[in-house]
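To start, the structure itself, in structure tokens.
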Amino acid sequence: MTQLYALTIGELAPLLRDREISAVELLDAHLRRIEAVDPKVKAYLRLTPDLARAQAADADRLFQAGAAGPLTGIPVAIKDVLCVEGVETTAGSKILAGFKPPYEATAIARLRAAGCVFLGMTNCDEFAMGSSTENSGFFPTHNPWSLDKVPGGSSGGSAAAVAAGEAVFGLGTDTGGSIRQPAALCGVVGMKPTYGRVSRYGLIAFASSLDQIGPLARSVTDAALVLSAVAGPDPNDSTCFDRPLDLSQLEAGVRGMRLGVPKEYFEVAGMQAGVRESVEQALAALEGTGAELVDVTLPHTDYGLAAYYIIAPAEASSNLARFDGVKYGLREARAESLMDTYLQTRRQGFGAEVRRRIMLGSYALSSGYYDAYYLKAQKVRTLIKRDFDAAFEHCDAVVSATSPTVAFEIGAKTGDPFAMYLNDVLTLGGNLAGLPGVSLPCAPAGGLPVGLQVLAPQFREDVALLVARAYEQAGGARAEVARVA
Amino acid sequence: MPEAGDWEAVIGMEVHAHLKTASKMFCGCSTDYLGKPPNSNVCPVCLGLPGVLPVINRRAVELCLKSALALNCEIQPSTKFDRKNYYYPDLPKGYQISQYDLPMSRNGWLEVDGRRVGITRVHLEEDTGRLVHAGDRLESADRSYVDLNRSGMPLMEVVSEPDLRSAAEARDFAMALRGILRAVGAGEADMEKGQLRSEANVSIRPRGSEELGVKTELKNINSFKALFNAVEYEIKRQARELEAGRQVVQETRGWSEPERRTFSQRSKEVAQDYRYFPEPDLPPLAFAPAWIAELRSSLPELPAARRERLVSESGLSEYQARLLAGDLEVADYFEELVRRGLKAQPAANWLIGEMLPRDEPLSVPVAETAELLKRLEASAINREQARAVLDQLYETGKPVAELAAGLEQISDAGALADVIDAVLAANPQAVADFKAGKEAAVGPLVGKVMQATGGSANPKLARDLLLERLRR
Numbered sequence: 002m003t004q005l006y007a008l009t010i011g012e013l014a015p016l017l018r019d020r021e022i023s024a025v026e027l028l029d030a031h032l033r034r035i036e037a038v039d040p041k042v043k044a045y046l047r048l049t050p051d052l053a054r055a056q057a058a059d060a061d062r063l064f065q066a067g068a069a070g071p072l073t074g075i076p077v078a079i080k081d082v083l084c085v086e087g088v089e090t091t092a093g094s095k096i097l098a099g100f101k102p103p104y105e106a107t108a109i110a111r112l113r114a115a116g117c118v119f120l121g122m123t124n125c126d127e128f129a130m131g132s133s134t135e136n137s138g139f140f141p142t143h144n145p146w147s148l149d150k151v152p153g154g155s156s157g158g159s160a161a162a163v164a165a166g167e168a169v170f171g172l173g174t175d176t177g178g179s180i181r182q183p184a185a186l187c188g189v190v191g192m193k194p195t196y197g198r199v200s201r202y203g204l205i206a207f208a209s210s211l212d213q214i215g216p217l218a219r220s221v222t223d224a225a226l227v228l229s230a231v232a233g234p235d236p237n238d239s240t241c242f243d244r245p246l247d248l249s250q251l252e253a254g255v256r257g258m259r260l261g262v263p264k265e266y267f268e269v270a271g272m273q274a275g276v277r278e279s280v281e282q283a284l285a286a287l288e289g290t291g292a293e294l295v296d297v298t299l300p301h302t303d304y305g306l307a308a309y310y311i312i313a314p315a316e317a318s319s320n321l322a323r324f325d326g327v328k329y330g331l332r333e334a335r336a337e338s339l340m341d342t343y344l345q346t347r348r349q350g351f352g353a354e355v356r357r358r359i360m361l362g363s364y365a366l367s368s369g370y371y372d373a374y375y376l377k378a379q380k381v382r383t384l385i386k387r388d389f390d391a392a393f394e395h396c397d398a399v400v401s402a403t404s405p406t407v408a409f410e411i412g413a414k415t416g417d418p419f420a421m422y423l424n425d426v427l428t429l430g431g432n433l434a435g436l437p438g439v440s441l442p443c444a445p446a447g448g449l450p451v452g453l454q455v456l457a458p459q460f461r462e463d464v465a466l467l468v469a470r471a472y473e474q475a476g477g478a479r480a481e482v483a484r485v486a
Numbered sequence: 083m084p085e086a087g088d089w090e091a092v093i094g095m096e097v098h099a100h101l102k103t104a105s106k107m108f109c110g111c112s113t114d115y116l117g118k119p120p121n122s123n124v125c126p127v128c129l130g131l132p133g134v135l136p137v138i139n140r141r142a143v144e145l146c147l148k149s150a151l152a153l154n155c156e157i158q159p160s161t162k163f164d165r166k167n168y169y170y171p172d173l174p175k176g177y178q179i180s181q182y183d184l185p186m187s188r189n190g191w192l193e194v195d196g197r198r199v200g201i202t203r204v205h206l207e208e209d210t211g212r213l214v215h216a217g218d219r220l221e222s223a224d225r226s227y228v229d230l231n232r233s234g235m236p237l238m239e240v241v242s243e244p245d246l247r248s249a250a251e252a253r254d255f256a257m258a259l260r261g262i263l264r265a266v267g268a269g270e271a272d273m274e275k276g277q278l279r280s281e282a283n284v285s286i287r288p289r290g291s292e293e294l295g296v297k298t299e300l301k302n303i304n305s306f307k308a309l310f311n312a313v314e315y316e317i318k319r320q321a322r323e324l325e326a327g328r329q330v331v332q333e334t335r336g337w338s339e340p341e342r343r344t345f346s347q348r349s350k351e352v353a354q355d356y357r358y359f360p361e362p363d364l365p366p367l368a369f370a371p372a373w374i375a376e377l378r379s380s381l382p383e384l385p386a387a388r389r390e391r392l393v394s395e396s397g398l399s400e401y402q403a404r405l406l407a408g409d410l411e412v413a414d415y416f417e418e419l420v421r422r423g424l425k426a427q428p429a430a431n432w433l434i435g436e437m438l439p440r441d442e443p444l445s446v447p448v449a450e451t452a453e454l455l456k457r458l459e460a461s462a463i464n465r466e467q468a469r470a471v472l473d474q475l476y477e478t479g480k481p482v483a484e485l486a487a488g489l490e491q492i493s494d495a496g497a498l499a500d501v502i503d504a505v506l507a508a509n510p511q512a513v514a515d516f517k518a519g520k521e522a523a524v525g526p527l528v529g530k531v532m533q534a535t536g537g538s539a540n541p542k543l544a545r546d547l548l549l550e551r552l553r554r
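Line by line, the protein sequences are chains A and B.
With my numbering, letter number 404 in the first sequence gets 405, and the count goes up by one each step, no holes.
With my numbering, letter number 297 in the second sequence gets 379, and the count goes up by one each step, no holes.
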């Protein structure tokens with residue numbers, strides 16, 4: 002029989018409901034799996050077994066009382082940027098070592114209320130800045146399908162945990178592709194909602210105008226279920242909107258839908274032939290189930306990366322100013338003066354990539370350069386939004402690869418930040434335009450997972466998920482649990 | 083180089099005022115932070131913990147807009163918040179949420195000493211926390227503590243045009259502004275409590291010149307008197323510098339109350355770059371014209387209008403009216419006295435002369451003051467006695483009826499006759515002076531009578547009786 006840790010939420014729900022298994026048994030299966038494979042994968046920064054056991058026991062009581070919901074008892078992996086009350090949350094950074102938030106992220110509070118079981122905090126690039134999880138302040142995570150490869154990033158820990166059967170689903174955050182790209186590289190489903198769909202309260206900010214929380218799961222319907230649980234307005238986040246989210250028609254199929262194929266997304270630098278082939282096969286499969294493929298154009302694609310790497314670091318330079326050694330986290334106490342305390346604390350607490358982005362961002366915002374950099378980047382952002390608006394006049398969703406490449410060797414790109422940034426070239430447009438996007442596995446290339454990305458208009462998570470679900474059903478690749486060897 | 087004294091001061095004000103809301107600018111913490119133990123009036127948002135987000139306090143926006151309307155400003159149809167980035171331990175996020183290039187309002191004016199002073203802008207921001215230094219001085223403190231109780235207090239900034247020309251005008255501007263803020267209910271604006279913080283930008287130039295001189299920014303001013311003194315000192319200091327052939331350095335200068343001088347705090351030669359950019363955690367605001375109209379129509383009578391009314395209705399002098407109308411509570415107190423049947427002039431004089439100079443001038447219930455003034459008006463007691471009763475009122479809070487019992491003014495000529503005889507007999511020199519034509523000599527004699535009666539004689543009667551006897 003299939004191991005409990007390899008099942009989806011959809012498969013587990015009837016087992017739990019009919020009490021063929023208990024939430025405690027499900028938790029134990031995951032803890033055993035983590036014990037077995039995490040020394041190799043290193044998806045988790047820290048586990049919370051005591052909290053998980055208490056939550057699993059509570060879940061079982063709910064099942065007994067017949068008061069359980071669709072996520073009750075389901076074990077989840079939480080990216081280390083999402084504050085869990087009383088649990089050390091560090092954003093993958095030494096500067097926050099030991100920080101236990103006295104409050105909880107809204108998305109986490111909603112999962113807690115839904116009866117989920119919190120397995121622990123997963124590794125990520127420091128402050129979510131990176132595409133390989135190698136920028137973690139603690140250690141790199143390994144791709145469960147090929148342990149010498151990266152899992153992608155920055156939500157690499159959550160993606161790897163889901164791919165390795167170390168959690169049924171995970172929560173990640175996506176600022177330029179940080180959910181979708183690791184989902185692609187680890188062969189799981191990742192969803193970035195419309196900007197403002199999920200409250201950012203309690204998400205340790207990287208770039209406030211781009212960050213979104215979303216699920217990583219092993220099926221499209223699982224992702225939809227989790228999204229429904231965490232989405233919705235929050236009085237604590239003024240950028241979070243109140244719009245209906247109807248995910249009840251995901252099985253409707255794509256017959257008659259028009260799927261836009263942006264030629265620019267197939268011509269980006271570094272696009273691997275295997276990835277391209279796999280995505281083209283997936284498009285053909287969607288066409289085979291009744292979708293119409295239409296050519297669309299996103300002419301400002303080339304400028305997206307530059308705009309992103311000004312806007313995101315600019316916001317980050319401000320968001321990360323609070324880590325100054327005064328109030329919490331690391332403090333370099335040997336410093337001689339206030340200025341020294343700042344300099345030494347931040348030099349020792351932040352890794353090289355974070356320091357690089359703070360410098361980039363501070364420069365872009367500084368007097369005399371603001372217009373040439375930050376303001377210009379915001380104008381490019383507007384143009385990219387208009388590109389998508391124009392494309393969506395001709396299609397219901399835009400389909401492409403999620404990442405130009407499959408998972409690469411650990412260490413291969415750490416010396417070349419620009420090569421690393423190119424990983425996000427197909428995903429960051431969705432963040433700049435605030436769009437919902439899904440990545441789901443299509444046919445592997447060279448034995449490694451490939452991601453198919455579906456982008457939909459703002460507020461139309463239902464469209465993105467419906468297309469993804471149609472491909473999943475049409476015999477596309479299914480997210481599976483890696484053997485880990 | 084102009085001759086000594088031939089300078090014109092050019093002064094612009096930047097005033098920060100706490101707004102009277104129940105909760106802080108961007109979180110639910112109470113604004114009642116004064117006197118609380120350090121860091122007890124805080125939450126994750128005003129502590130700037132990672133991951134938390136600000137939420138705009140609607141009431142603060144409303145009070146800012148009402149103040150701006152009362153200052154005759156144009157309300158901007160849309161506005162936004164920006165981040166002002168700098169590092170300091172009392173600034174927990176490493177940035178202050180403020181407003182940069184799209185403030186809520188612009189282009190207003192405030193009447194000061196009968197002249198319109200331009201208001202450049204009125205905007206909304208959040209206050210910082212406070213540093214507490216061990217020991218007396220920052221330079222010698224071996225450690226400093228951070229108290230974030232004040233962090234996130236709603237703060238309105240009012241910036242004036244450099245239209246003021248003297249220390250008195252600078253002070254009167256701040257007082258007039260306080261009057262407006264109190265009238266619209268925006269804040270208490272108590273300078274001593276740090277609810278109103280005035281900074282003055284001061285420069286001087288040869289009288290008649292149109293060019294602006296190098297300015298200094300005066301901070302650390304905790305009262306209207308200190309504002310006057312600091313600006314006055316600074317104008318003289320700058321004149322001394324220029325007259326000695328030196329330059330005025332553009333810098334921030336603090337006011338030292340004990341030393342009664344300004345001192346250099348921070349040179350502005352290297353302008354600090356605050357890297358302003360739009361606050362991405364808050365959506366821009368657009369104001370419905372109907373809401374603005376509603377706020378405009380809800381404005382109460384403002385000090386300028388009230389002053390005019392006090393002159394025309396109550397017959398007060400400009401001076402009296404300005405003093406009373408400048409403070410909402412004082413004006414209300416005065417009008418209540420008049421409503422209770424007292425004559426306007428004496429009531430105004432009593433309020434201005436006897437009550438306003440005190441620490442908490444309005445702590446005596448208006449009914450008691452009215453009672454006291456009625457007795458004075460009816461000559462049941464004299465002014466000296468009334469003053470003594472007022473002292474008692476402030477001290478004990480007992481009713482006038484009790485305090486004034488037994489204090490009867492001696493208004494009976496028979497009862498004073500013996501005293502008058504005794505005083506005349508004891509002061510032959512004064513009597514001789516009077517008879518030699520020095521009529522003023524009667525004054526000291528009245529004083530002696532008052533003294534001899536323990537202050538209870540009706541002074542007018544005593545005077546009449548003395549004159550009658552002296553002229554006999």
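From the three backbone atoms N, C-alpha and C, an ideal C-beta is built for every residue, glycine too.
For residue j and residue i, believed in contact at Cβ under 8 angstroms, the rounded distance
{"i": "VAL42 of chain A", "j": "ALA108 of chain A", "result": "Their Cβ separation, rounded to whole angstroms, is 24 angstroms, which puts VAL42 of chain A and ALA108 of chain A out of contact at 8 angstroms."}
{"i": "GLY74 of chain A", "j": "ALA7 of chain A", "result": "16 angstroms between Cβ atoms; not a contact."}
{"i": "GLU156 of chain B", "j": "ALA258 of chain B", "result": "Contact doesn't hold; Cβ gap of about 20 angstroms is too wide."}
{"i": "VAL92 of chain B", "j": "SER285 of chain B", "result": "5 angstroms"}
{"i": "MET192 of chain A", "j": "GLY171 of chain A", "result": "No, MET192 of chain A and GLY171 of chain A are not in contact; Cβ-Cβ is about 11 angstroms, not under 8 angstroms."}
Cβ of residue i within 8 angstroms of any chain A Cβ
{"i": "GLY130 of chain B", "result": "yes"}
{"i": "TYR315 of chain B", "result": "no"}
{"i": "GLY290 of chain B", "result": "no"}
{"i": "VAL355 of chain B", "result": "The residue asked about is misnamed: residue 355 of chain B is Asp in this sequence, not Val. Chain A contact via Cβ: present."}
{"i": "ASN167 of chain B", "result": "yes"}
{"i": "PRO365 of chain B", "result": "yes"}
Boundaries (first-last residue) of the beta strand (DSSP E) holding residue i
{"i": "TYR315 of chain B", "result": "TYR315 of chain B -> not in any beta strand (DSSP E); alpha helix (DSSP H) instead, spanning 306–325."}
{"i": "ASN167 of chain B", "result": "164–167"}
{"i": "VAL124 of chain B", "result": "Per DSSP, VAL124 of chain B belongs to no beta strand (DSSP E) and is neither H nor E."}
{"i": "PHE170 of chain A", "result": "170–175"}
As assigned by DSSP and simplified to three states, the class of residue i
{"i": "TRP191 of chain B", "result": "strand"}
{"i": "ILE492 of chain B", "result": "strand"}
{"i": "THR123 of chain A", "result": "strand"}
{"i": "ILE93 of chain B", "result": "strand"}
{"i": "TRP146 of chain A", "result": "coil"}
{"i": "TYR422 of chain A", "result": "helix"}
Bounding residues of the alpha helix (DSSP H) (the contiguous stretch that carries residue i)
{"i": "SER23 of chain A", "result": "Neither: SER23 of chain A is in no alpha helix (DSSP H) and is coded neither H nor E."}
{"i": "CYS111 of chain B", "result": "Looking at the DSSP string, CYS111 of chain B is not in any alpha helix (DSSP H), and its letter there is neither H nor E."}
{"i": "GLY1 of chain A", "result": "Outside the shown range of chain A, which is 2 to 486, sits residue 1 of chain A, and nothing can be said about it."}
{"i": "PRO541 of chain B", "result": "541–552"}
Short CB-CB distance (under 8 angstroms) between residue i and chain B
{"i": "ARG348 of chain A", "result": "no"}
{"i": "LYS193 of chain A", "result": "no"}
{"i": "GLY271 of chain A", "result": "no"}
{"i": "TYR309 of chain A", "result": "no"}
{"i": "THR240 of chain A", "result": "yes"}
Handout entry: Unbroken stretches of the alpha helix (DSSP H), 4 residues or longer, contained in the segment 205–268 of chain A
Key = 221–231
Problem - In chain order, each beta strand (DSSP E) run of at least 3 residues that lies wholly inside the segment 350–438 of chain B - result: none
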